[in-house]
Every structure is written in C-alpha cells, then in structure tokens.
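J.: Okay, here's the structure, questions in a sec.
2 protein chains.
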Amino acid sequence: RIPEPTVARLPVYRRLLASLVAGRIRTVSSTELAAAAGVNAATLRRDLSHLGTYGTPGTGYDVVRLGEMVDRALALGRDWPIVIAGAGNLGRALARSRGFTTGGFRVVALVDVDPGQVGRTIEGVPIAHVEQLAELVVREGVALGVVATPASAAADVARRLADAGVRAILNFAPAVVPSPGGVLVRSVDLAAELQVLTFHLARARGE
Amino acid sequence: RIPEPTVARLPVYRRLLASLVAGRIRTVSSTELAAAAGVNAATLRRDLSHLGTYGTPGTGYDVVRLGEMVDRALALGRDWPIVIAGAGNLGRALARSRGFTTGGFRVVALVDVDPGQVGRTIEGVPIAHVEQLAELVVREGVALGVVATPASAAADVARRLADAGVRAILNFAPAVVPSPGGVLVRSVDLAAELQVLTFHLARARGE
Ligand SMILES: NC(=O)c1ccc[n+]([C@@H]2O[C@H](COP(=O)([O-])OP(=O)(O)OC[C@H]3O[C@@H](n4cnc5c(N)ncnc54)[C@H](O)[C@@H]3O)[C@@H](O)[C@H]2O)c1
Ligand SMILES: NC(=O)c1ccc[n+]([C@@H]2O[C@H](COP(=O)([O-])OP(=O)(O)OC[C@H]3O[C@@H](n4cnc5c(N)ncnc54)[C@H](O)[C@@H]3O)[C@@H](O)[C@H]2O)c1
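Going down the list, the sequences are from chains A and B. To convert a position in the first sequence, counted from 1, into this note's numbering, add 287. To convert a position in the second sequence, counted from 1, into this note's numbering, add 287.
Shown next as structure tokens:
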C-alpha cells in the first residue's frame with residue numbers, strides 16, 4: 288500500500304515532469320526534482336520507490352519514463368467523465384475551469400434542483416435536473432461525481448451519485464459525507480483551509 | 288506542537304460542536320462526536336487532548352466549553368480581512384460564497400491585472416488593480432491573501448502579498464509557491480484532488 292501523503296504528492300511530481308518534458312529535458316536528479324516540488328530529496332526518493340523506480344546514481348531519473356510511470360499510477364490519459372451536482376457559484380466555476388479538467392477529466396453535465404438553472408448550459412455543458420442523474424450516469428459512463436451543493440443536501444446527493452453508479456466522489460460541501468455503499472468519498476473544505484492558516488498564525492504569536 | 292492531521296480535523300469538530308450548541312445539547316461523548324466526525328474515538332480523544340481537554344468519564348465533553356476551546360485554537364471570532372488576487376472564475380466564486388466567509392473571514396477586495404475587471408464589484412466587494420495591493424492591505428489591515436491567478440503568476444503574486452504585509456496565504460493555483468519571507472503558504476490543488484481519486488480507483492481494480 289502506498290502511504291496517503293505519497294499519493295497526494297504524485298500530482299505535483301506529474302506537473303513538474305510534464306513541464307520538463309515540454310522543455311525537452313532528458314534526465315533530472317532527485318535533488319533538482321525535490322527542490323522544484325518543495326520537498327526534501329529523501330522524501331522524493333522514497334515516494335518514487337513506491338512506484339518501483341529508483342533512478343540511476345549519477346544521472347538521476349529518465350524524465351519521460353518517470354512521467355509515464357506517474358501518469359499510469361494516477362490513471363491519467365484515460366477518459367474520466369464527471370458530473371457536478373450543484374450548479375451554483377462553485378459548481379459553475381469548476382465547470383468553466385480549464386485547470387480542473389486537465390489529464391482526461393471531462394465535465395459532461397451538471398445537475399441541480401433549481402428550475403431556473405435546469406435547461407441552461409455552462410460553456411456548452413448542460414444543466415439537467417437531479418432526477419435525471421441515474422440516466423445521465425449510465426448514458427455517459429460517468430465515473431466521478433463532484434458535490435457542490437449546500438451542506439444539508441450533500442449526504443443525500445452523494446447517495447444518489449453512488450446509486451446511479453459513479454465510482455468515486457469529490458465533496459466540496461462542509462459536511463461529513465459517509466461513503467455510500469463503499470464508494471470512495473474525498474472531501475475538501477475550502478473554509479477549513481483558512482481556519483488552518485489562522486490556527487498557525489495564532490500559534491506563531493504564542494496564543 | 289500539535290500534529291498537522293489534528294489541526295486539519297479541528298474545523299470539522301468546530302462545525303459539529305456549533306450545530307450541537309444550536310441544538311441546545313449540553314454534553315457529548317467522545318464516541319458520539321467521533322462517529323459524527325467520521326473518525327475513531329481514540330483519535331478524537333488524542334486530538335482534543337492536544338488542546339488540554341480530556342472530558343469527564345461517563346458524561347463526556349461540555350459542548351459549549353469544548354466549542355469555545357476549539358474556536359480559540361483556530362483563532363475564530365476575530366475579524367480576518369482577506370484579499371483575493373485574481374478575479375476570475377474561482378476568485379469570484381470564493382468572494383460570493385457564504386460558505387467561505389464564515390467565522391469572521393471577510394473578503395474586503397479582489398485585485399486583478401485585467402482592466403476589464405478593475406473597477407467592478409462582486410456582491411459589493413470592489414475589484415482593484417494589483418498595483419493598489421500594498422495600499423489596500425495597509426488601509427484594511429488585511430491579514431490573509433488568497434491566490435486565484437493562473438499558475439504562471441502565482442509565485443509573483445504571493446511575493447507581492449507578502450511584501451504588502453499579509454501574514455498567511457492560501458494558494459489555489461497549481462504551482463509550487465515558495466513561502467516568501469517566512470510568510471505561511473498553504474496550497475490547495477483542486478485538480479490534484481481528482482487525480483488522488485483516480486489513483487485509488489486504478490489501485491482498486493488491481494492495476
Ligand atoms: N463558492 C465557493 O467558493 C465555496 C467555498 C467554500 C465552500 N463552498 C461550498 O460548496 C457548496 C456550494 O457552494 P456555492 O457557493 O456554489 O453555493 P450556491 O448556493 O451558489 O450553489 C448551490 C447549488 O446547489 C443546488 N442544490 C441544492 N440542493 C441540491 C440537490 N439536492 N441536488 C442538486 N443540486 C442542489 C442549488 O440549487 C444551487 O444551485 C456549499 O456547500 C459551500 O459551502 C463553496
Ligand atoms: N475555477 C476553478 O474551479 C479552478 C479549479 C481548479 C484550479 N483552479 C486554479 O485557480 C486559478 C484561477 O482559476 P480561474 O478558473 O479563476 O481562472 P481565470 O482565468 O478565470 O481567472 C484568473 C484571473 O487572474 C487574473 N490575473 C492574471 N495575472 C494576475 C496577476 N499577476 N495578479 C492578479 N490577477 C491576475 C486574470 O486577469 C483573471 O481574471 C488557476 O490557477 C486555476 O488553475 C481553478
């Protein structure tokens with residue numbers, strides 16, 4: 288099993304390797320790659336050893352080969368259709384973002400309960416009613432669901448996504464969403480990120 | 288020093304305690320609070336012991352007192368003025384979000400380089416030119432900066448925020464942003480969150 292902190296660093300290595308490939312750099316040392324990633328070289332070497340790659344002493348890692356290994360570990364390069372539940376501020380920003388949909392991730396639809404939203408499109412992506420979720424997931428082969436609804440609706444929406452057949456869920460609502468039927472749920476709480484910052488600021492002042 | 292995973296769970300406990308207080312519940316056991324937070328009871332007890340509170344065997348924790356301790360540790364309830372750099376899709380969604388600005392966090396301005404954005408307002412919050420950042424931070428006593436610019440501008444914007452006097456930065460751009468002049472930087476990469484999900488999906492299928 289690969290430790291969770293290692294998994295969370297793989298997307299950073301992927302991005303750095305992609306820009307090295309674009310810059311036609313053939314090899315990179317663990318020290319250089321670690322410095323660019325903001326981690327120490329021993330951590331990077333340990334992380335990459337979990338993928339079964341050790342680099343060659345003296346020359347480092349083959350950039351193209353390492354990039355492919357990390358891409359394969361992250362299962363990138365395939366088609367990952369996504370549905371976003373909640374076509375509000377955040378849902379619409381995610382649907383519009385080129386940054387969110389890199390590496391094969393593709394928002395195929397948003398769903399909402401607000402009749403004023405249903406039937407519209409965001410950059411060509413349709414907003415359907417949440418009642419049509421099951422049919423949409425099957426038709427489009429949707430693998431991933433994103434929850435961008437109010438916290439009060441989050442657990443119910445996650446259950447509907449799982450029942451419809453999605454295999455993993457990214458939840459942005461500030462609520463603890465239990466994993467419906469064994470489907471993987473990962474939560475990101477943007478407001479909590481600010482609170483972690485103020486925690487450290489208060490500590491730094493000795494409070 | 289409190290371990291980082293403990294710090295990251297405090298906002299979840301805070302939210303749950305706030306809803307117990309609203310529900311006029313006087314005490315809560317570590318088992319109940321842990322179940323609501325989706326962690327095991329031993330982890331919760333260890334987390335709270337870092338704040339110096341142990342609960343009473345048999346009755347559990349005093350909800351109001353525990354809520355106040357967690358709020359104090361997170362330095363909530365004060366006024367935390369925020370400036371958002373980048374008034375694009377994400378910056379505007381954050382400025383509009385009631386969910387992002389709870390517990391004393393207040394977006395006082397956005398800054399941008401696009402003349403088409405400068406001079407507008409988002410729900411009453413002005414968009415200024417990034418050249419006015421330093422004057423804005425001093426005038427409004429801004430403590431926190433949020434980076435919602437393209438990745439190419441992120442490190443430069445973080446430096447400007449630090450030079451202007453902000454004390455901590457939350458970065459949403461997919462770039463490694465070094466901590467300018469010792470100012471705390473925390474990065475959240477929304478696209479990377481999807482990649483962690485697909486990593487686990489690929490693993491689950493034995494790939
Ligand atoms: N906007 C942000 O930047 C931001 C920041 C932090 C947290 N969040 C969290 O993200 C979530 C969305 O925030 P927002 O600002 O977009 O809110 P919003 O109110 O603008 O949008 C929520 C949308 O969800 C829809 N909805 C409600 N119930 C639904 C259901 N059962 N099924 C499908 N859709 C449903 C609503 O009709 C609405 O369109 C909230 O939980 C919020 O706390 C958002
Ligand atoms: N929108 C999302 O949901 C989302 C999801 C994942 C990642 N991100 C990341 O968040 C960042 C913002 O994304 P977006 O979708 O809002 O992009 P966007 O292009 O809509 O907005 C970016 C804004 O930054 C401004 N800007 C550029 N250089 C600047 C500078 N030096 N100082 C101040 N402002 C500057 C631009 O004028 C523009 O208004 C990007 O790095 C993106 O990869 C966004």
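Every residue gets a Cβ at the ideal spot worked out from N, C-alpha and C, and that includes glycine.
So for A:P505, helix, strand or coil by DSSP?
T.: Because chain A in this structure spans residues 288 to 494, residue 505 of chain A falls outside the shown range and cannot be described.
J.: With a threshold of 8 Å, are at least 3 pairs of Cβ atoms found where one atom belongs to the stretch 435–454 of chain A and the other to the stretch 387–396 of chain A?
T.: no
J.: Using only CA atoms, which one of A:V434, A:V472, A:F486 lies nearest to B:V483?
T.: In the second sequence, the residue the question calls residue 483 of chain B occupies position 196. Of the listed residues, the one whose Cα sits closest to B:V483 is A:V472.
J.: Going by beta-carbon coordinates alone, are B:A354 and B:L304 separated by less than 7 Å?
T.: Locating residue 354 of chain B in the second sequence gives position 67, where the first residue counts as 1. Locating residue 304 of chain B in the second sequence gives position 17, where the first residue counts as 1. Inspection of the sequence shows that residue 354 of chain B is occupied by Gly rather than by Ala. Yes.
J.: Give the straight-line distance between the Cα atoms of B:M241 and A:F486, rounded to the nearest whole angstrom.
T.: In the structure as shown, chain B begins at 288 and stops at 494. Residue 241 of chain B is therefore absent and cannot be evaluated.
J.: Could you spell out the range, first to last residue, of the alpha helix (DSSP H) harbouring A:G406?
T.: For the purposes of this step, residue 406 of chain A is identified with residue 119 of the first sequence, where counting begins at 1. Per DSSP, A:G406 belongs to no alpha helix (DSSP H) and is neither H nor E.
J.: To the nearest angstrom, report how far apart B:V412 and B:G345 are at their CA atoms.
T.: If you number the second sequence from 1, residue 412 of chain B lands on position 125. If you number the second sequence from 1, residue 345 of chain B lands on position 58. Roughly 49 Å between the two C-alpha positions.
J.: Would you mind stating whether B:D399 and B:A374 have Cβ atoms separated by less than 7 Å?
T.: Here the question's residue 399 of chain B lines up with position 112 in the second sequence. Here the question's residue 374 of chain B lines up with position 87 in the second sequence. Contact flag set, yes.
J.: Among residues of its own chain, excluding the 5 on either side of B:E291, which ones have a beta-carbon nearer than 7 Å to its beta-carbon?
T.: Stepping through the second sequence from its first residue, residue 291 of chain B is reached at position 4. Apart from sequence neighbours up to five positions away, no residue of its chain approaches B:E291 with a beta-carbon distance below 7 Å.
J.: I'd like to know whether the C-beta of B:H337 is nearer than 7 Å to at least one C-beta of chain A.
T.: Taking the first residue of the second sequence as position 1, residue 337 of chain B is located at position 50. Taking Cβ atoms only, chain A never reaches closer than 7 Å to B:H337, which makes this a no.
J.: List the residues that DSSP assigns as beta-bridge partners of A:F486.
T.: Mapped onto the first sequence, residue 486 of chain A falls at position 199. The partner list for A:F486 (beta bridge, DSSP) is empty, contrary to what the question assumes.
J.: When we look at the beta-carbon of A:D476 and count the other beta-carbons within 10 Å, is it buried (16 or more) or exposed?
T.: Here residue 476 of chain A refers to the residue found at position 189 when the first sequence is read from its first residue. A:D476 should be labelled buried.
J.: Pull up the CB-CB distance for A:L270 and A:L457, whole angstroms please, since I reckon it's below 8 Å.
T.: Absent from the model: residue 270 of chain A. The displayed extent of chain A is 288 to 494, so no value can be given.
J.: Rounded to whole angstroms, how far is the Cβ of A:V424 from the Cβ of A:G403, which I believe are closer than 8 Å?
T.: For this step, residue 424 of chain A is matched to residue 137 along the first sequence. For this step, residue 403 of chain A is matched to residue 116 along the first sequence. 24 Å between Cβ atoms; not a contact.
J.: Report the start-end ranges of each alpha helix (DSSP H) in the stretch 296–335 of chain A that is 4 residues or longer and not cut off at the edges.
T.: 317–324
J.: Reducing DSSP to helix, strand and coil, say where B:A415 ends up.
T.: In the second sequence, residue 415 of chain B corresponds to position 128, counting from 1. Note: B:A415 maps to strand in three-state DSSP.
J.: Assess, as a yes-or-no matter, whether the stretch 363–379 of chain A is touched by the stretch 433–441 of chain A under the definition of 3 or more beta carbon pairs within less than 8 Å.
T.: yes
J.: Bridge partners for B:N458 per DSSP, in chain order?
T.: As a working mapping, residue 458 of chain B is identified with position 171 in the second sequence. Bridge partners of B:N458: B:V434, B:S474.
J.: What is the rounded straight-line gap between the Cα of B:G339 and the Cα of B:D401?
T.: Here residue 339 of chain B corresponds to residue number 52 of the second sequence, with the count starting at 1. Here residue 401 of chain B corresponds to residue number 114 of the second sequence, with the count starting at 1. Answer to the nearest angstrom: the Cα atoms are 49 Å apart.
J.: Do B:A460 and B:A441 come within 7 Å of each other at the CB atom, strictly closer than that value?
T.: Counted from its first residue, the second sequence places residue 441 of chain B at position 154. Counted from its first residue, the second sequence places residue 460 of chain B at position 173. A contact, by the Cβ cut-off of 7 Å.
J.: So, is the C-beta of B:R296 closer than 7 Å to a C-beta in chain A?
T.: Locating residue 296 of chain B in the second sequence gives position 9, counting from the first residue. For B:R296, the answer is no, since every Cβ of chain A falls outside 7 Å of its Cβ.
J.: For B:A328, which residues of its own chain have a beta-carbon under 7 Å away from its beta-carbon, when the five flanking residues on both sides are left out?
T.: Position 41 of the second sequence, counted from the first residue, corresponds to residue 328 of chain B. The residues are S317, T318, A321.
J.: Going by CA-CA distance only, name the one from B:V405, B:E422, B:R426, B:E410 that's closest to B:W416.
T.: Mapped onto the second sequence, residue 416 of chain B falls at position 129. Before going further, note that residue 416 of chain B is His rather than Trp in the sequence given. Ranking B:V405, B:E422, B:R426, B:E410 by Cα distance to B:H416 puts B:V405 first.
J.: Beta carbon of B:L484: closer than 6 Å to some heavy atom of ligand 1?
T.: Looking up residue 484 of chain B in the second sequence gives position 197. No, the Cβ of B:L484 stays beyond 6 Å of every heavy atom of ligand 1.
J.: State the Cα-Cα distance for the pair A:R393 and A:D366, rounded to the nearest angstrom.
T.: For the purposes of this step, residue 393 of chain A is identified with residue 106 of the first sequence, where counting begins at 1. For the purposes of this step, residue 366 of chain A is identified with residue 79 of the first sequence, where counting begins at 1. Rounded to the nearest whole angstrom, the C-alpha separation of A:R393 and A:D366 is 7 Å.
J.: Is any non-hydrogen atom of ligand 1 found closer than 6 Å to the C-beta of B:F459, if you look at the structure I gave you?
T.: As a position in the second sequence, residue 459 of chain B is number 172, starting the count at 1. Not under cutoff, so the answer is no.
J.: How far does the alpha helix (DSSP H) with A:D358 in it reach, from first residue to last?
T.: Working through the first sequence from its first residue, we reach residue 358 of chain A at position 71. Counting along the chain, A:D358 sits inside the alpha helix (DSSP H) bounded by residues 350–360.
J.: Which value, in whole angstroms, describes the spacing of the CA atoms of A:Y348 and A:P465?
T.: What you label residue 348 of chain A is simply residue 61 of the first sequence in a count that begins at 1. What you label residue 465 of chain A is simply residue 178 of the first sequence in a count that begins at 1. Cα to Cα, A:Y348 sits roughly 40 Å from A:P465.
J.: Apply the 10 Å Cβ neighbour rule to A:S474 and answer buried if 16 or more other Cβ atoms are within range, or exposed otherwise.
T.: Your numbering for residue 474 of chain A matches position 187 in the first sequence. Flag for A:S474 reads buried.
J.: Please determine whether the Cβ atom of B:F387 lies at a distance below 6 Å from any heavy atom of ligand 1.
T.: What you label residue 387 of chain B is simply residue 100 of the second sequence in a count that begins at 1. B:F387: yes, Cβ under 6 Å from ligand 1.
J.: Hey, quick one: how far does the beta strand (DSSP E) through A:R393 stretch, first residue to last?
T.: In the first sequence, the residue the question calls residue 393 of chain A occupies position 106. 392–399 is the span of the beta strand (DSSP E), which, as asked, contains A:R393.
J.: Using C-beta distances below 8 Å, list every residue in its chain close to B:A382, excluding the 5 sequence neighbours before and after it, in chain order.
T.: Numbered from its first residue, the second sequence carries residue 382 of chain B at position 95. Contacts found: I371, A374, V394, L397, I409, E410, V412.
J.: When every heavy atom of ligand 1 is checked, does at least one fall within less than 6 Å of the C-beta of A:V472?
T.: For the purposes of this step, residue 472 of chain A is taken as residue 185 along the first sequence, with counting starting at 1. The answer is no for A:V472.
J.: Determine which residues share a DSSP beta bridge with A:T343 and list them.
T.: Within the first sequence, residue 343 of chain A is the residue found at index 56, counting from 1. For A:T343, the beta-bridge partners assigned by DSSP are A:G347.
J.: Please confirm whether B:G342 has its beta-carbon closer than 7 Å to some beta-carbon of chain A.
T.: If you number the second sequence from 1, residue 342 of chain B lands on position 55. Answer no: the Cβ-Cβ gap between B:G342 and chain A never drops below 7 Å.
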